[in-house]
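Let me begin by presenting the structure, written as structure tokens, before commenting on it.
Chains as they are written, first to last, in the working numbering: chain E, 15 to 532; chain L, 105 to 299.
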């Protein structure tokens, strides 16, 4: 009897040797005369256990990990193909506490299905959202998204339904849907996991957006650092076209939606929506002035819905089950679930999808298990390179757009990077300025030049004598004010956030007395 | 060949380096096929053909430059007038785009391309000292190619492998949880002919 064995093809798992493990399992099975069929899936997001191998038994999938090639003969000896016990045995994959306690709405299939298989997607509940959307009017679809309370998961948190409604109500001969897959924030990988692990979900979300707004063409703007995702997306698009889910006549309804993947070229700024449009038009990724918003005049001057990958991937379930269902999850004005990406110096890094309202402490300690180094935690950066640094004493903050904003932070794309006590926050603040200088498109002077001046001032603060520090600090605050008030987009506007939060919570790293950061 | 290599490494290699060695074995096969690895000569007709093929796409310049770099490994300055002519753009526009994006190389790269993530998550896991080690090991700073053409070292800002930090890319192959020892082991597995 052939046993089905699941091994991720996720690039994170591959970076730890998943391909080698897969090949070695095939070789060992052949040697022992065992019939094995390998299925390459996405990752479940339990990265400290990667490469994680799952074996399908009659009623469950049991997991083993992290598997090294050297473990494979022993796994066969332990009869892992029948769920045998071994040092690496983790039991039922879906009963692993890290996974079981999550509420996976958007990531429900990632790590389970074969991302290259359209039949797999459909048999696991895929394309039900599109089916329902085809039975609704555009206004009704938009209404479901508005009711759901879904806000942009890319970072800005703008209500997705409002964007869609604006595009729907703008008449034009051509409208576009653009998926922002330029996931540049350090500490984030949710978009990548969806594109590599469940690409049809993104395609379905974009198709629904197209039907809801009257768009007939779409682009996925993919960062060039994700070559595996490019491969998966292209294969999925081809499969969807062949099966009539994309093309000139979607499922025989006469609706048209064409989809193309476009690669970025290593510019962080192209994750900003208007810079992304410029890049798609074949230009330098320079930020545009708003208004007009892209929903009215976007790509090639036409109405364009731009949403992050996770936002679009949340849509199929919302349309299938109704906006009210999704709205049940979450707190305050932050509705639904958020895929939190836990990274940096943490024992159990990975993807944690939970409703808004879970605290940083729960994520970092209950899920993450504290620091990987075992040294005390000193700081966490929430929301990518433009997010604030928080000290341990602020970890009881719930993850919620408004609550984090009230603390001078942001949810961003849901990335959390943990640092142990070896971190120097003056150096992190300097890096924030350096990154801004490197990635600034150059349009706004405070961002283009202020970021370089910011690096210099931070260097000066660190080495200045006590009497000279005050004037330098004043200058840094003034510069940060100018950057946040005088920049068109979030890069220049939010770089002061990590800088000022580092100064506020960790003044001693700048050679200042503990109470002076304010 | 693969099986033989597996067993040789199992016998000879240190356990934690084995998977990295095997990963690199796969990537070496890839480098053999890349035409620009050993030469800086390139074909103007090929660049013009790429531009011709893609010129009708909306916003064609980015896909054209991407394809040129994929084929040649870099985008020589002499490509600019060729691409500009076909796409009906000014040379300044093409140069502007070429010089804006970090990915586009305006000099030929070395035979091996090493990318090291410098972003926060990797910093939190020892990425800064790893980068210092790599610079010393390769004798090459970020953004530079060694004089003998063996290595190009490029900084990257997030590879999306943050849950397996620190991350490095060796000739297109992503590696996670990289330590100085693992990096050295991976480098020592590279094809001698390309060093």
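Here a beta-carbon is modelled for each residue, glycine too, at the ideal position from N, C-alpha and C. All figures in this text were calculated on a predicted structure; none of them were measured in a lab.
### Task
Report yes or no: is there a C-beta of chain L within less than 8 angstroms of the C-beta of residue 322 (chain E)?
The residue labelled residue 322 (chain E) in the question sits at position 308 within the first chain. Chain L contact via Cβ: absent.
### Message
Quick check: is the beta carbon of residue 379 (chain E) nearer than 8 angstroms to any beta carbon in chain L?
### Response
Translated into the one-based positions of the first chain, residue 379 (chain E) becomes position 365. By this cut-off, residue 379 (chain E) is not an interface position.
### Task
Compare the beta carbon distance of residue 299 (chain E) and residue 311 (chain E) with 8 angstroms and say whether it is the shorter of the two.
Here residue 299 (chain E) refers to the residue found at position 285 when the first chain is read from its first residue. Here residue 311 (chain E) refers to the residue found at position 297 when the first chain is read from its first residue. Residue 311 (chain E) sits away from residue 299 (chain E), with the two beta carbons spaced by 8 angstroms or more.
### Query
Since residue 90 (chain E) is in the beta strand (DSSP E), which residue starts that stretch and which ends it?
Translated into the one-based positions of the first chain, residue 90 (chain E) becomes position 76. In this chain, residue 90 (chain E) is not harboured by any beta strand (DSSP E); it is covered by the alpha helix (DSSP H) spanning 86-91.
### Task
Can you tell me which of the three DSSP states residue 141 (chain L) falls into?
Numbered from its first residue, the second chain carries residue 141 (chain L) at position 37. With a pLDDT of 47 at residue 141 (chain L), under the threshold of 50, the modelled position of that residue is not reliable, and no figure is offered here.
### Query
In chain order, what residues of the stretch 344-367 of chain E put their CB closer than 8 angstroms to some CB of chain L?
The residues in question are 355, 356, 357, 358, 359, 363, 364, 365.
### Query
Residues in its own chain within less than 8 angstroms of residue 269 (chain L) by CB, not counting five upstream and five downstream?
Reading the second chain from its first residue, position 165 is the one you call residue 269 (chain L). Once the five neighbours on either side are set aside, the close Cβ partners of residue 269 (chain L) are 221, 225, 226, 228, 229, 231, 280, 281.
### Task
Indicate whether the contact test is met: 3 or more Cβ pairs, each with one atom in the stretch 19-35 of chain E and one in the stretch 279-298 of chain L, closer than 8 angstroms.
By the Cβ criterion, the stretch 19-35 of chain E is in contact with the stretch 279-298 of chain L, since at least three pairs of Cβ atoms, one from each stretch, lie closer than 8 angstroms.
### Task
May I ask you to list the residues that DSSP assigns as paired with residue 249 (chain L)?
Along the second chain, one-based indexing puts residue 249 (chain L) at 145. Note: residue 249 (chain L) sits in a beta bridge opposite L:256.
### Query
Taking just the CA atoms, how far does residue 440 (chain E) sit from residue 469 (chain E)?
Taking the first residue of the first chain as position 1, residue 469 (chain E) is located at position 455. Taking the first residue of the first chain as position 1, residue 440 (chain E) is located at position 426. Distance from the CA atom of residue 469 (chain E) to the CA atom of residue 440 (chain E), rounded to whole angstroms, is 10 angstroms.
### Task
Report the residue ranges of all beta strand (DSSP E) runs contained in full by the stretch 323-404 of chain E; include only those spanning at least 3 residues, in chain order.
Runs found: 351-358, 364-369, 391-396.
### As assigned by DSSP and simplified to three states, the class of residue 259 (chain E)
For the purposes of this step, residue 259 (chain E) is identified with residue 245 of the first chain, where counting begins at 1. The three-state reading of DSSP puts residue 259 (chain E) in coil, since its state is none of H, G, I, E or B.
### Task
List the whole-angstrom C-beta distance separating residue 128 (chain E) from residue 19 (chain E), where the pair is believed to meet the contact cut-off of C-beta under 8 angstroms.
Stepping through the first chain from its first residue, residue 128 (chain E) is reached at position 114. Stepping through the first chain from its first residue, residue 19 (chain E) is reached at position 5. Actually they are not in contact, since the Cβ atoms of residue 128 (chain E) and residue 19 (chain E) sit about 12 angstroms apart, beyond 8 angstroms.
### Query
Using a Cβ cut-off of 7 angstroms, which residues of the stretch 254-267 of chain L contact any Cβ in chain E, in chain order?
Here the close residues are 260, 261, 262, 263, 264, 265, 266, 267.
### Message
Can you tell me whether residue 12 (chain E) is helix, strand or coil according to DSSP?
### Response
Residue 12 (chain E) lies beyond the stretch modelled for chain E, which goes from 15 to 532, so this question has no answer here.
### Query
Between residue 173 (chain E) and the rest of its own chain, which residues show a CB-CB distance below 6 angstroms, the 5 nearest in sequence each way excluded?
In the first chain, the residue the question calls residue 173 (chain E) occupies position 159. Hits under 6 angstroms: 165.
### Task
Alpha carbon to alpha carbon, how far is residue 217 (chain L) from residue 275 (chain L)? Give it in angstroms, no decimals.
The count along the second chain starts at 1 and reaches residue 275 (chain L) at position 171. The count along the second chain starts at 1 and reaches residue 217 (chain L) at position 113. If I take the Cα positions, the gap works out to 5 angstroms.
### Near-chain L residues of the stretch 260-281 of chain E - C-beta to any C-beta below 9 angstroms
For the stretch 260-281 of chain E, residues whose beta-carbon sits nearer than 9 angstroms to a beta-carbon of chain L comprise 274, 276, 277, 278, 279, 280, 281.
### Query
In chain order, which beta strand (DSSP E) runs of at least 3 residues are fully inside the stretch 97-123 of chain E?
If we require 3 residues or more, the beta strand (DSSP E) runs fully inside the stretch 97-123 of chain E come out as 103-106.
### Task
Run down chain E in chain order and give the residues with a C-beta less than 7 angstroms from the C-beta of residue 225 (chain L).
Start at 1 with the first residue of the second chain, and residue 225 (chain L) comes out as number 121. Neighbours of residue 225 (chain L) across chain E, judged by C-beta separation under 7 angstroms: 200, 201, 357, 358, 431.
#### Entry: Chain-ordered residues of the stretch 271-286 of chain L with a beta carbon less than 7 angstroms from chain E
Listed by position, the residues of the stretch 271-286 of chain L near chain E (Cβ gap below 7 angstroms) are 271, 278, 279, 280, 281.
### Query
Taking a cut of 7 angstroms between CB atoms, which residues from the stretch 224-252 of chain E lie near chain L?
For the stretch 224-252 of chain E, which is checked against every Cβ of chain L, the residues closer than 7 angstroms are 238, 239, 240.
### Beta-carbon proximity list for residue 21 (chain E), same chain, < 7 angstroms, skipping 5 on both sides
In the first chain, the residue the question calls residue 21 (chain E) occupies position 7. Non-local beta-carbon contacts of residue 21 (chain E) in its own chain, meaning distances under 7 angstroms to residues more than five positions away in sequence, involve 32, 35, 36, 52, 54, 65, 67 in chain order.
### Query
What residues are listed by DSSP as bridge partners for residue 51 (chain E)?
Mapped onto the first chain, residue 51 (chain E) falls at position 37. Note: residue 51 (chain E) sits in a beta bridge opposite E:18.
### Query
Would you say residue 164 (chain L) reaches chain E, if we count a Cβ-Cβ gap shorter than 8 angstroms as a contact?
Taking the second chain and counting its residues from 1, the one referred to as residue 164 (chain L) is at position 60. Contact with chain E is found for residue 164 (chain L), since one of that chain's Cβ atoms lies less than 8 angstroms from the residue's Cβ.
### Query
Closest by CA to residue 237 (chain E), which one among E:293, E:70, E:446?
Numbered from its first residue, the first chain carries residue 237 (chain E) at position 223. Of the listed residues, the one whose Cα sits closest to residue 237 (chain E) is E:293.
### Query
Can you name the residues that DSSP bridges to residue 156 (chain E)?
In the first chain, counting from the first residue as 1, residue 156 (chain E) sits at position 142. Under DSSP, residue 156 (chain E) forms no beta bridge with any residue.
### Inter-residue Cα distance where the pair is residue 289 (chain E) and residue 235 (chain L)
Residue mapping note: residue 289 (chain E) aligns to position 275 of the first chain, counting from 1. Residue mapping note: residue 235 (chain L) aligns to position 131 of the second chain, counting from 1. Residue 289 (chain E) and residue 235 (chain L) have their alpha carbons spaced roughly 30 angstroms apart.
### Query
Is there at least one Cβ from chain L nearer than 8 angstroms to residue 157 (chain E)'s Cβ?
Residue numbering aside, residue 157 (chain E) sits at position 143 when the first chain is read from its first letter. Output row for residue 157 (chain E): interface = no.
### Task
Report all residues from its chain with a CB closer than 7 angstroms to the CB of residue 510 (chain E); omit the five preceding and five following residues, and keep chain order.
Numbered from its first residue, the first chain carries residue 510 (chain E) at position 496. Cβ within range, chain order: 494, 497, 498.
### Interface partners of residue 399 (chain E) on chain L, CB under 9 angstroms
Here residue 399 (chain E) refers to the residue found at position 385 when the first chain is read from its first residue. Within chain L, the residues placing a beta-carbon under 9 angstroms from that of residue 399 (chain E) are 223, 224, 261, 262, ordered along the chain.
### Query
Does the beta carbon of residue 406 (chain E) sit closer than 8 angstroms to a beta carbon anywhere in chain L?
Along the first chain, one-based indexing puts residue 406 (chain E) at 392. Interface with chain L (8 angstroms Cβ-Cβ cutoff): residue 406 (chain E) is excluded.
### Task
Taking 8 angstroms as the threshold, find out whether the stretch 198-214 of chain E comes into contact with the stretch 390-409 of chain E through three or more Cβ pairs.
By the criterion of at least three beta-carbon pairs nearer than 8 angstroms, the stretch 198-214 of chain E is in contact with the stretch 390-409 of chain E.
### Query
When burial is assigned at 16 or more other CB atoms within 10 Å of the CB, is residue 214 (chain E) buried or exposed?
Position 200 of the first chain, counted from the first residue, corresponds to residue 214 (chain E). Residue environment analysis places residue 214 (chain E) among the buried positions, since at least 16 neighbouring C-beta atoms fall within 10 angstroms of its C-beta.
### Query
Cβ of residue 223 (chain L) within 8 angstroms of Cβ of residue 262 (chain L)?
Taking the second chain and counting its residues from 1, the one referred to as residue 223 (chain L) is at position 119. Taking the second chain and counting its residues from 1, the one referred to as residue 262 (chain L) is at position 158. Yes; because the gap between Cβ atoms is below 8 angstroms, this pair is in contact.
### Query
If we ignore side chains and look at the alpha-carbon of each, how far apart do residue 212 (chain E) and residue 485 (chain E) end up?
Position 198 of the first chain, counted from the first residue, corresponds to residue 212 (chain E). Position 471 of the first chain, counted from the first residue, corresponds to residue 485 (chain E). Each residue's Cα considered, the two are about 53 angstroms apart.
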